[in-house]
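Engineer: Numbering (the numbering used here), first residue to last: -9 to 543.
One structure, pasted below without further comment.
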């Protein structure tokens, strides 16, 4: 049965409310391509032209904001303010990673781990700027998926969507790698399904308590620490700093989850910039200070990589403080899972609204106002992956996916400013694409030179000069879109810098991370060719037909 027929039946029978808990084939595969085996075979024979159609197709702000929401049948509730977003960002980002990764990297690169956190924090802050402009302009649950779908097209959005889902599963699994932690994961997702506002209140209360403990750790660290332990400050040089920055970047991930809450924010134009950018600036300072005091409390070579802060406090005669550290780390893991549950489910909801995965996962429960089906999908998958994967595999895949998406968001923001469909002259478009190519190529080239340890400062200088000239040339071009309310400052410089930093950090992850990323992407591409391209093609052309019918009336 085609989508058209289903919609007509629903219009003809408005009095019969459909149950949220339903399991029919039409709820999972309502598209004509999957109506029967003959239709599916015919669709597969059209894979190439349909793929071409999807490669060139771009969504619109209105379609993401209005049309796709109808697939959820019920609306999410606008109940969040800047205060909620600020603490949701804090709760999502400041997890247990700061208490584990810091010790691991500080043991290798010494006090310069604080600089590594500053570098990673700058990259994360630049990405948060890009996310904020998009979230204010397109306040939907899809976050980066919707932004890329509008600016870079349906296919690029799928690549991002697959990595978003991978990031969601791996992020939760990376925190919950013990049966007890898996239990916490299940409880956190249960709370997330019960209601957004209640989840937010629980998060900011627990996050405020942990923030007091963090302040305690920083103050005591400066009072009882020794500046003599900071020498040498750069034992592994600049290369060690950037390699550590690529690793500690995991500690900053999670702020993108807050962008997915835009659909439930009361006043996105005010609340999102304050909540997202403000929180990331504060978190960057906190991370740098925590890393610095750790290396002040004891020599970096003596840092315990398994329990760095607890052992450090024991060394200065404050053995009891390890319990505070334990409480803070446990709280960090819990709120990261809690906020992650909210954000991941909303990513999944918008992805399923677009029919890239079955639309059953897009349904919003009428009583809770939350996407319970999407939350269950992420919960069950994360729990399974957590129990059967190693941490090194999880971290490398997670970091690559996250940095890759952040890089695409910066590219998408530049496209949004410089290219408007049916407005931008082709000549201006080609000039912009040329400048963008120069920027990306110079960043890739500089990263390759860095990793090969060849060319010395001349190679770096050439790459930096080419990047500067490419960005300067772009700055001289005419912009064809101005943000309506809030925009990233210094465009194209800040997005261009974000592109460069994310590519550089990706290049610092190592060869194995590339292999794992491309293998995962290849598997997801097979799914897209067999399912995703046909489902989204049907929905897109059904929408076009509906629009034409409306115009003809």
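Think of the CB as a built atom: it goes at the ideal place given N, C-alpha and C, for glycine as much as any other residue.
1) Restricting to Cα atoms, I'd like to know which of 530, 56, 178, 47 is closest to residue 320.
2) Suppose you measure from the CA of residue 299 to the CA of residue 93; what does that come to, to the nearest Å?
3) So, for residue -3: in the same chain, excluding its five sequence neighbours on each side, which residues have a beta-carbon less than 6 Å away from its beta-carbon?
4) Report the start-end ranges of each alpha helix (DSSP H) in the segment 0 to 78 that is 4 residues or longer and not cut off at the edges.
5) If we call anything under 8 Å between Cβ atoms a contact, is residue 283 one with residue 224?
6) With a threshold of 16 other CB atoms inside 10 Å of the CB of residue 209, please say whether the residue is buried or exposed.
7) Just tell me which of 145, 47, 253 has its CA closest to the CA of residue 359.
8) Which one of 458, 100, 420, 227 has the shortest CA to CA distance from residue 432?
9) Determine the DSSP secondary structure at residue 414, reduced to helix, strand or coil.
10) Ends of the alpha helix (DSSP H) at residue 264?
11) Note down the Cα distance separating residue 152 from residue 514, rounded to an integer number of angstroms.
12) Only counting the same chain, and skipping five residues up and downstream in sequence, which positions put a Cβ closer than 7 Å to that of residue 190?
13) Quick one: give me the first and last residue of the alpha helix (DSSP H) that residue 89 is part of.
14) Going by the beta-carbon positions, is the gap between residue 97 and residue 347 smaller than 8 Å?
15) What's the gap between the Cα of residue 8 and the Cα of residue 14?
16) Answer yes or no: do residue 115 and residue 271 have a C-beta to C-beta separation smaller than 8 Å?
17) Using 10 angstroms around the beta-carbon of residue 129, count the other beta-carbons present and answer buried if the total reaches 16, otherwise exposed.
18) With residue 339 and residue 364 assumed to form a contact (beta carbons below 8 Å), what rounded beta-carbon distance in angstroms separates them?
19) What is the residue span of the alpha helix (DSSP H) that residue 193 lies within?
20) Can you tell me which of 509, 82, 453, 408 puts its alpha carbon nearest to the alpha carbon of residue 493?
21) Might you give, ordered along the chain, the residues of its own chain that have their beta carbon closer than 8 Å to the beta carbon of residue 5, omitting 5 neighbours on each side?
22) Quickly, what does DSSP pair residue 255 with across the bridge? List them, please.
23) Could you compute how far the alpha carbon of residue 406 sits from the alpha carbon of residue 141?
24) On a CA-only basis, which of 134, 434, 231, 261 is nearest residue 154? Give me that one, please.
25) Whole-angstrom Cβ separation of residue 40 and residue 524, contact assumed at under 8 Å?
26) Which residues in the same chain have their Cβ closer than 8 Å to the Cβ of residue 390, if we skip the five residues on either side of it in sequence?
27) Quick test of the definition: if touching needs 3 or more C-beta pairs under 8 Å, does the segment 238 to 252 touch the segment 99 to 111?
28) Between the C-alpha atoms of residue -6 and residue 246, what's the straight-line distance to the nearest angstrom?
29) DSSP three-state label for residue 123, please.
30) When the Cα atoms are used, what is the spatial distance from residue 548 to residue 136?
31) Suppose the cutoff is 7 Å on Cβ atoms and the five residues either side in sequence are ignored; what does the same chain contact list for residue 413 look like?
32) What is the DSSP secondary structure of residue 344, reduced to helix, strand or coil?
33) Which residue's Cα is closest to the Cα of residue 121: 251, 308, 460, 335?
34) Going by beta-carbon coordinates alone, are residue 530 and residue 349 separated by less than 8 Å?
Structural biologist: In short:
1) 178
2) About 8 Å.
3) In this prediction, residue -3 has a pLDDT of 44, which is less than 50 and means its spatial position is unreliable; nothing more can be read from the coordinates.
4) 15 to 18, 27 to 35, 37 to 46
5) no
6) exposed
7) Here the closest residue by C-alpha is 253.
8) 458
9) Of the three classes helix, strand and coil, the one that applies to residue 414 here is coil, per DSSP.
10) Taken as a continuous stretch (DSSP letters only), residue 264 belongs to no alpha helix (DSSP H), as it is neither H nor E.
11) 7 Å
12) 70, 74, 78
13) 87 to 99
14) Taking a C-beta distance under 8 Å as the contact criterion, residue 97 and residue 347 do not qualify as a contact pair.
15) 12 Å
16) yes
17) It counts as buried.
18) With a Cβ gap of about 5 Å, residue 339 and residue 364 count as contacting.
19) 186 to 214 is the span of the alpha helix (DSSP H), which, as asked, contains residue 193.
20) Its Cα nearest to that of residue 493, the residue 453 stands out among 509, 82, 453, 408.
21) Residue placement at residue 5 is poorly supported in this model, since its pLDDT is 39, which falls under 50; the coordinates still yield a value, given next. Nothing meets the Cβ criterion.
22) 70
23) 6 Å
24) 134
25) At roughly 6 Å, the Cβ-Cβ gap stays under 8 Å, so residue 40 and residue 524 are in contact.
26) Excluding positions up to five away in sequence, the list reads 496, 499, 503, 504, 506, 507.
27) yes
28) Low local confidence applies: a pLDDT of 44 at residue -6 is under 50, so the model's placement there is unreliable, with the coordinate-based value given in what follows. Between residue -6 and residue 246, the C-alpha separation is close to 35 Å.
29) helix
30) This structure does not reach residue 548, given that the chain is present from -9 up to 543, and the question cannot be answered.
31) So the list reads 470, once near-sequence residues are dropped.
32) coil
33) 251
34) no
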